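*Asks:*
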Amino acid sequence: MVFYGEYEVSMTSGGRVALPKRIREALSGTEFVVSKGFTNCLAGYDKKDWEKRASELLNVSLLDKEHIEKRRMLFSSTTYIPIDDQGRAVLPKNLRQFAAIESKVIIVGVGDHFELWDKSAWEQYINSLDKE
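Going by this note's numbering, the final residue of the sequence shown carries number 843, and the count climbs one at a time with no gaps.
1. Would you mind stating whether F825 and V819 have Cβ atoms separated by less than 8 angstroms?
2. Taking buried to mean at least 16 other C-beta atoms within 10 Å of its own C-beta, is R807 buried or exposed?
3. Can you have a look at S746 and say buried or exposed, based on whether 16 or more other CB atoms are within 10 angstroms of its CB?
4. Using a threshold of 7 angstroms, is the CB atom of L738 nearer than that to any non-hydrogen atom of the ligand FAD?
5. Count the other CB atoms within 10 Å of the CB of M722; is the residue buried (16 or more) or exposed (fewer)?
6. Nearest-angstrom Cα distance between D823 and E813?
7. Between which two residues does the beta strand (DSSP E) harbouring I818 extend?
8. How long is the line joining the alpha carbons of R783 and K763, rounded to whole angstroms?
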């Protein structure tokens, strides 16, 4: 499975978004995993892929401060999200607030996962790359 493309979708006031068909096709099943991303976005994963990655993270020593801090941030924000029959999913309020997602969402394929950005944050990110 490879996630690719850039898609703009609208979000309802309750946090519901329609996942693009290409994103849904790359997911196995009717549930996916979302966690805080490492920038101002959310990271989405295929459930099976996430569980494989999570088990690898659990093999890291708890004595390593850097790794425990990453695990703390990642696992505390992880949520399994069901996809309804129309391909829609509800993003939890705490994660929407973290990524400052308002009403327009950009979903970006990043190969092994996808990201959900507030439209203005995505545009700022893209514009910052053009200046480098």
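The beta-carbon is built from N, C-alpha and C at its ideal position, and this holds for glycine as well. Quick caveat, the model's predicted, so the values are computed rather than measured.
*Replies:* Checking against the coordinates, here is how it stands:
1. In the sequence shown, residue 825 corresponds to position 114, counting from 1. In the sequence shown, residue 819 corresponds to position 108, counting from 1. Yes, these two residues count as a Cβ contact at 8 angstroms.
2. Taking the first residue of the sequence shown as position 1, residue 807 is located at position 96. Burial call: buried.
3. Counting from 1 along the sequence shown, the entry for residue 746 is found at position 35. S746 is buried by the Cβ-count criterion.
4. No copy of the ligand FAD occurs in the structure displayed, which carries no ligand at all.
5. By one-based count along the sequence shown, residue 722 stands at place 11. Burial call: buried.
6. Start at 1 with the first residue of the sequence shown, and residue 823 comes out as number 112. Start at 1 with the first residue of the sequence shown, and residue 813 comes out as number 102. Using only the alpha carbons, I get a separation of about 25 angstroms.
7. Counting from 1 along the sequence shown, the entry for residue 818 is found at position 107. Per DSSP, I818 belongs to the beta strand (DSSP E) from K815 to G820.
8. Taking the sequence shown and counting its residues from 1, the one referred to as residue 783 is at position 72. Taking the sequence shown and counting its residues from 1, the one referred to as residue 763 is at position 52. Rounded to whole angstroms, R783 to K763 spans 17 angstroms at the Cα level.
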